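Enquirer: Below are the structure tokens for one structure; questions will follow.
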Ligand code: C5P
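Residue numbers (our numbering): 19 to 222.
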């Protein structure tokens, strides 16, 4: 069975939590595509050129969650993500992952529009910048990463602006995506809605 779920949206809207739960519920493989861009961004911060960094990416690069989930790496990721040549180098891997036997869920910014335009289910998970910044602030605080609320909000807004205004695969909801706004929604309520959407598709 090839069943693909595409989940797009801005940072800290709930995509990651929803993707992991969906993968677990339906036995699908999960790819957090943001990690690919973070891994390239991390290599660039170590002095590599962006395209060379994208070409040199190895599976092991993705398994350093601690070093990839910092605010500096997030900004570096969104800077390399503007470059069409970098995106091009990461395309094949993502498309192959999406076509895995047994099905897959991919989350990112351009999954429903560019990577998997034929995905069986497309979701665009979003929330207000203030709500997302607050969630990200609490996550970073829990990890002991010291940043102010104002700085986290500024980072979220800078990334939103860069990700949605770039020419190459900008962050945008696919025309046939269902938008889920989690600003005032619990994660359980969002998951109920997602399970309802996927259940209907599986029945059809
Ligand atoms: O999702 P995450 O916050 O980890 O993504 C980091 C950055 O990677 C995003 O801000 C975006 O610039 C880039 N990205 C992208 N396309 C994707 C996934 C992430 O451009 N499919």
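Cβ atoms here follow ideal geometry from the backbone N, Cα and C, with glycine treated the same way.
Please read all numbers here as calculations on a predicted model, not as lab measurements.
For residue 123, which beta-bridge partners are listed by DSSP?
Expert: Position 105 of the chain shown holds residue 123. Residue 123 is bridged to 23, 48.
Enquirer: Helix, strand or coil for residue 36, going by three-state DSSP, please let me know.
Expert: Sequence index remark: in the chain shown, residue 36 carries index 18 (1-based). It is helical.
Enquirer: Under 8 Å Cβ to Cβ from residue 74, same chain only, skipping five residues before and after it: list those, please.
Expert: Walking along the chain shown from the start, residue 74 turns up at place 56. Around residue 74: 61, 66.
Enquirer: Have a look at residue 128 and residue 185 and give me their C-alpha separation to the nearest angstrom.
Expert: For the purposes of this step, residue 128 is identified with residue 110 of the chain shown, where counting begins at 1. For the purposes of this step, residue 185 is identified with residue 167 of the chain shown, where counting begins at 1. When rounded, the distance between both Cα atoms is 12 Å.
Enquirer: Leaving out five residues before and five after residue 96 in sequence, what residues of the same chain have Cβ atoms less than 7 Å from its Cβ?
Expert: As a working note, residue 96 is residue 78 in the chain shown. 177, 180, 181.
Enquirer: Does DSSP classify residue 101 as helix, strand or coil?
Expert: What you label residue 101 is simply residue 83 of the chain shown in a count that begins at 1. It is coil, neither helix nor strand.
Enquirer: For residue 33, count the other beta carbons within 10 Å of its own beta carbon; 16 or more makes it buried, fewer makes it exposed. Which is it?
Expert: Walking along the chain shown from the start, residue 33 turns up at place 15. Per the 10 Å Cβ criterion, buried.
Enquirer: With distances taken between CB atoms, is the gap from residue 46 to residue 122 smaller than 9 Å?
Expert: Residue mapping note: residue 46 aligns to position 28 of the chain shown, counting from 1. Residue mapping note: residue 122 aligns to position 104 of the chain shown, counting from 1. For residue 46 and residue 122, yes; Cβs fall inside 9 Å.
Enquirer: Determine the direct distance from the alpha carbon of residue 213 to that of residue 183, and round the result to whole angstroms.
Expert: As a first step, residue 183 must be located in the chain shown, where it is residue number 165. As a first step, residue 213 must be located in the chain shown, where it is residue number 195. In a straight line, the C-alpha of residue 183 is about 31 Å away from that of residue 213.
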